[in-house]
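Q: Same order as they appear, the protein sequences are chains S and G. Using my numbering, the first residue of the first sequence is number 7, and each one after it goes up by one. Using my numbering, the first residue of the second sequence is number 952, and each one after it goes up by one. Please find one structure pasted underneath; my questions will follow.
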Amino acid sequence: MTDTTFATPLRAEPAGIERRAARDLLRRSRCKPAEILFWLAAAASFFLLPDRHLLLSEIAILGLFALSLDLIIGYAGVVSLGHGAFFGLGAYVAGLTSIHLTGEPLAGLALAALAAGLLGLLTGPLLLLRASDLTRLMVTLGVAMLLLEAANRAAWLTGGADGLQGVMIAPLLGRFEFDLFGTTAYAYCLIVTFVLFLIARRVVTSPYGLSLRAIRDNALRARSMGIPVGPRLLAIYAFSAVIAGIAGALLTQTTMFVSLDVLAFHRSADVLLVLVLGGVGYLYGGLIGAIAFKLLQDWFSALTPQYWMFWMGLVLLVIVLIGRDRIDALPRAILRRIRKEGRA
Amino acid sequence: MSTILIDGIAYGMLLFVMASGLAVTLGLMNFVNLAHGAFAMIGGYVTALAMNRLGVPFLLTLPLAFLVPALIGAVAERTLYARLYRRSHLDQVLFSIALVFMAMTAADWLLGSSQMLITLPGWLQGRFEIAGIGVGRYRAFLIVLCAVLVVALQLVLARTRFGARLRAAVDDQRAARGLGINVGGIFAATFAVGSGLAGLGGALGIEIMGLDPTFPLKIMVYVLIVVTIGGTASLTGPFLAALIIGTADVAGKYYIPELGAFLIYLLMIVLLILRPQGLIAPAR
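And the structure:
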């Protein structure tokens, strides 16, 4: 990102830089053909794979969850080991809403987003204590563990280790019943994911998103340029929490069940793995990673039902040892070579 | 009351022995190693298997529980960890999480998912009384053994040539290298000793914390808490933190069992808010 000029309006700057910044922003926010293709393929999967809708819903939810993590890791440089806290909170809030308030899915979604966002706002300041990755890892992990313990102890509310029983979700918009084959569920997940993706894309391509990248690359320099580092990080953390909460709520609403599992450590670890499989910092990483993760999981479970985690760990190990940036650069390098040969 | 205090201290000492290696890895090499608990698990399994399958007496298994993880640690450091020292923390976290998952599944596959049990020798069972306070024999043994280890570690760090080199490498890697200190070798040796100590801690902890394939994850949190709260500037910080966490955990589980592990996480977050640099902050 060294060649990027930031769109902070400085009065003393010549107008040329401002124009260049505006053009750069516009170029970033323009929709590329590959992106349209991706979403067309996603929409086509709904019609072409009717017997896989359950699996596809899971992928959409996992992808949305990983997308929320990408916002803070890929764009703000905040490493989190406890993103599952927001996912789990959203899942429980959606479940409790359906039992105690209303079975309307969109209301559950909104309340879950609200609760997760509030938790993000409350715990976000802890991240700013000391900008050391270790403290951030421990604080996020601590919050997630705290929430897991709370859900475990508050059995009168959450059902404890037995899980939350009796989640009933009313038909979507009063018309589409959630069926056994997950058809409504997949359409619902896909549309929600798509809408949130568009919002997230708008956010990261805005001047605000650029300022986040500046903070990620060099917080000290960003601050001296006049970017308010603390509030910006807090905002993206809360926004990411909202999306994670919605992903959790989607899981509850499509499976009609919540258990302590949604808050377990492996959720937070899995979603990191998903994001790394897909690539960090370009929003599609989470979605592509979710597809790769579920396919790998399917394949490994078929090979060794109990021990698929071992092979998943090995894949992750190899990715890290080879180097993520080198793998990320691979498709581009191949593309460049093809173009060169085409020209020659 | 005093019994709980003594149990807490024994537990805290044990946590410190396990965490000391991580404190050095984090402080020295700035490497976030979430897989430290895996070495503790290896040590535990060495002791459990040597006792149950080969009939080796408990005390004799302890050196083994140190040596085997230390050896594995040395090999892993040279082949895997050394490549990642300069990478981002995210890469290190991913790498060590992958190791944890692989270690857990491998243990499950090789040895089964059930709890490992050992029978302590007769002279370590039961309890005795000092001035009207009931003290478990094993707890007393733990306190004495770990205290010896703590003193020995402190002496090695403060008094020996190796300790001086290690401290030099902590303060300024480049300058240390310029003085002709073999920083890579020191890293490897320190990593091996740290892994060995974790293994020893795992072996000593079977009786208190249990041992099954999920052990690395369970202990990871505790060990990381100890190091984060203690700070990585010295070993005194983690030692204090281990005692606080150990006592708080035992007392919390005894007096307010409804809270469970809640107390520990709350304590960690509060301590981090109060002292974000750790209990004993670096002098820089």
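Even for Gly, the Cβ is constructed at its ideal location relative to N, Cα and C. Please read all numbers here as calculations on a predicted model, not as lab measurements.
(1) What three-state label does DSSP hand Arg58 of chain S in the structure shown?
(2) Using the rule of at least 16 other Cβ atoms within 10 Å of the residue's Cβ for burial, across every protein chain shown, is Tyr996 of chain G buried or exposed?
(3) I believe Val286 of chain S touches Gly80 of chain S by the beta-carbon criterion, under 8 angstroms. Please report the beta-carbon distance rounded to the nearest angstrom.
(4) Taking C-beta pairs closer than 7 angstroms, name the residues in chain S that Arg1034 of chain G reaches, listed in chain order.
(5) Starting from Gly1085 of chain G, trace the beta strand (DSSP E) in both directions and tell me its first and last residue.
(6) Start and end of the alpha helix (DSSP H) containing Phe1138 of chain G?
(7) Strictly under 8 angstroms for the Cβ-Cβ distance: is Val201 of chain S near chain G by that measure?
(8) Along the alpha helix (DSSP H) that carries Ile1 of chain S, what are the first and last residues, could you check?
(9) Quick one: which residues of the stretch 278–297 of chain S get their C-beta closer than 9 angstroms to a C-beta of chain G? List them in chain order.
(10) Any beta carbon of chain G sitting closer than 8 angstroms to that of Val85 of chain S?
(11) Contact criterion: CB-CB distance below 8 angstroms. Does Glu1209 of chain G meet it with respect to chain S?
(12) Any beta carbon of chain G sitting closer than 8 angstroms to that of Glu155 of chain S?
(13) I'd like to know whether the C-beta atoms of Ala255 of chain S and Ala118 of chain S end up nearer to each other than 8 angstroms.
(14) Whole-angstrom Cβ separation of Val85 of chain S and Leu1041 of chain G, contact assumed at under 8 angstroms?
(15) When you check each C-beta in the stretch 72–101 of chain S against every C-beta of chain G, which residues fall closer than 8 angstroms?
(16) Count the other CB atoms within 10 Å of the CB of His987 of chain G; is the residue buried (16 or more) or exposed (fewer)?
(17) With distances taken between CB atoms, is the gap from Val173 of chain S to Gly101 of chain S smaller than 8 angstroms?
(18) Assuming Ile325 of chain S contacts Val277 of chain S (C-beta within less than 8 angstroms), just tell me the rounded distance between them.
(19) Is the shortest distance between the beta-carbon of Gly319 of chain S and the beta-carbons of chain G less than 8 angstroms?
(20) At 7 angstroms on the CB atoms, spell out the chain S contacts of Phe1142 of chain G, in chain order.
(21) Which partner residues of Ile1081 of chain G appear in the DSSP bridge assignment?
(22) What does DSSP give as the partner residue(s) for Phe182 of chain S in the beta ladder?
(23) Counting only Cβ pairs nearer than 8 angstroms, list the residues of chain G close to Phe316 of chain S.
(24) Go through its chain and collect everything with a Cβ distance to Ala1033 of chain G's Cβ below 8 angstroms, but skip five positions before and after it.
(25) Check whether the Cβ of Leu973 of chain G lies closer than 8 angstroms to any Cβ atom in chain A.
(26) Relative to the C-alpha of Ala1049 of chain G, which candidate in S:Gly169, S:Gly319, S:Arg273 has its C-alpha closest?
(27) Name the two residues that bound the continuous alpha helix (DSSP H) containing Gln1124 of chain G.
(28) Which residues in the same chain as Ser307 of chain S place their Cβ atom closer than 6 angstroms to its Cβ, once the five residues preceding and following it in sequence are excluded?
(29) List the residues of chain G whose Cβ lies closer than 8 angstroms to the Cβ of Leu309 of chain S, in chain order.
(30) So the candidates are G:Met1067, G:Met1055, G:Leu1022, G:Ala1021; which of them puts its Cα closest to the Cα of Glu1158 of chain G?
A: Answer, in terms of the structure:
(1) Here residue 58 of chain S refers to the residue found at position 52 of the first sequence. Correct three-state label for Arg58 of chain S: helix.
(2) To locate residue 996 of chain G, count along the second sequence from 1; it is residue 45. By the 10 Å Cβ count, Tyr996 of chain G comes out buried.
(3) Indexing the first sequence from 1 puts residue 286 of chain S at position 280. Indexing the first sequence from 1 puts residue 80 of chain S at position 74. About 4 angstroms separates the beta carbon of Val286 of chain S from that of Gly80 of chain S, a gap short enough to meet the 8 angstroms contact definition.
(4) Translated into the one-based positions of the second sequence, residue 1034 of chain G becomes position 83. Ordered by position in chain S, the residues that pass the 7 angstroms Cβ test against Arg1034 of chain G are Leu327.
(5) Within the second sequence, the letter at position 134 stands for residue 1085 of chain G. Residues 1084–1087.
(6) Residue 1138 of chain G sits at position 187 when you count from the first residue of the second sequence. Start and end: 1134–1160.
(7) Numbered from its first residue, the first sequence carries residue 201 of chain S at position 195. With its beta carbon at least 8 angstroms from every one in chain G, Val201 of chain S lies outside the interface.
(8) This structure cannot settle anything about residue 1 of chain S, because the visible part of chain S is limited to 7 through 350.
(9) Of all residues in the stretch 278–297 of chain S, those with a C-beta nearer than 9 angstroms to a C-beta of chain G are Leu278, Leu279, Val282, Val286, reading in chain order.
(10) As a position in the first sequence, residue 85 of chain S is number 79, starting the count at 1. Interface residue, yes.
(11) For the purposes of this step, residue 1209 of chain G is taken as the residue at position 258 of the second sequence. Contact of Glu1209 of chain G with chain S is assigned, a C-beta pair being separated by under 8 angstroms.
(12) Within the first sequence, residue 155 of chain S is the residue found at index 149, counting from 1. Look at Glu155 of chain S: its C-beta is under 8 angstroms from a C-beta on chain G.
(13) Here residue 255 of chain S corresponds to residue number 249 of the first sequence, with the count starting at 1. Here residue 118 of chain S corresponds to residue number 112 of the first sequence, with the count starting at 1. In terms of Cβ geometry, Ala255 of chain S and Ala118 of chain S form a close pair [threshold 8 angstroms].
(14) Residue 85 of chain S sits at position 79 when you count from the first residue of the first sequence. Residue 1041 of chain G sits at position 90 when you count from the first residue of the second sequence. Their Cβ separation, rounded to whole angstroms, is 5 angstroms, which keeps Val85 of chain S and Leu1041 of chain G in contact under 8 angstroms.
(15) So the close ones are Ile79, Val85, Leu87.
(16) Taking the second sequence and counting its residues from 1, one reaches residue 987 of chain G at position 36. That one is buried.
(17) Taking the first sequence and counting its residues from 1, the one referred to as residue 173 of chain S is at position 167. Taking the first sequence and counting its residues from 1, the one referred to as residue 101 of chain S is at position 95. Yes, these two residues count as a Cβ contact at 8 angstroms.
(18) Counted from its first residue, the first sequence places residue 325 of chain S at position 319. Counted from its first residue, the first sequence places residue 277 of chain S at position 271. That belief does not hold up - the Cβ atoms of Ile325 of chain S and Val277 of chain S are roughly 15 angstroms apart, past 8 angstroms.
(19) For the purposes of this step, residue 319 of chain S is identified with residue 313 of the first sequence, where counting begins at 1. Yes, Gly319 of chain S counts as interfacial toward chain G.
(20) As a working mapping, residue 1142 of chain G is identified with position 191 in the second sequence. Result: empty, since nearest Cβ-Cβ is about 17 angstroms, beyond 7 angstroms.
(21) Stepping through the second sequence from its first residue, residue 1081 of chain G is reached at position 130. Answer is G:Ile1084.
(22) As a working note, residue 182 of chain S is residue 176 in the first sequence. In DSSP, Phe182 of chain S forms a bridge with S:Leu178.
(23) The sequence position of residue 316 of chain S within the first sequence is 310, counting from 1. Here the neighbours are Phe1052, Met1053, Thr1056, Ala1057, Trp1060.
(24) Translated into positions along the second sequence, residue 1033 of chain G becomes position 82. Closer than 8 angstroms at Cβ, skipping near neighbours: Gly1135, Phe1138, Ala1139.
(25) The structure shown contains no chain A; its protein chains are S and G.
(26) Within the second sequence, numbered from 1, the residue matching residue 1049 of chain G stands at position 98. Per the Cα distances, S:Gly319.
(27) In the second sequence, counting from the first residue as 1, residue 1124 of chain G sits at position 173. For Gln1124 of chain G, the enclosing alpha helix (DSSP H) stretches over residues 1124–1129.
(28) If you number the first sequence from 1, residue 307 of chain S lands on position 301. The residues are Trp314.
(29) Start at 1 with the first residue of the first sequence, and residue 309 of chain S comes out as number 303. At a beta-carbon threshold of 8 angstroms, none of the residues of chain G lie near Leu309 of chain S; the nearest stands roughly 13 angstroms away.
(30) Residue 1158 of chain G sits at position 207 when you count from the first residue of the second sequence. Considering only alpha carbons, the answer is G:Met1067.
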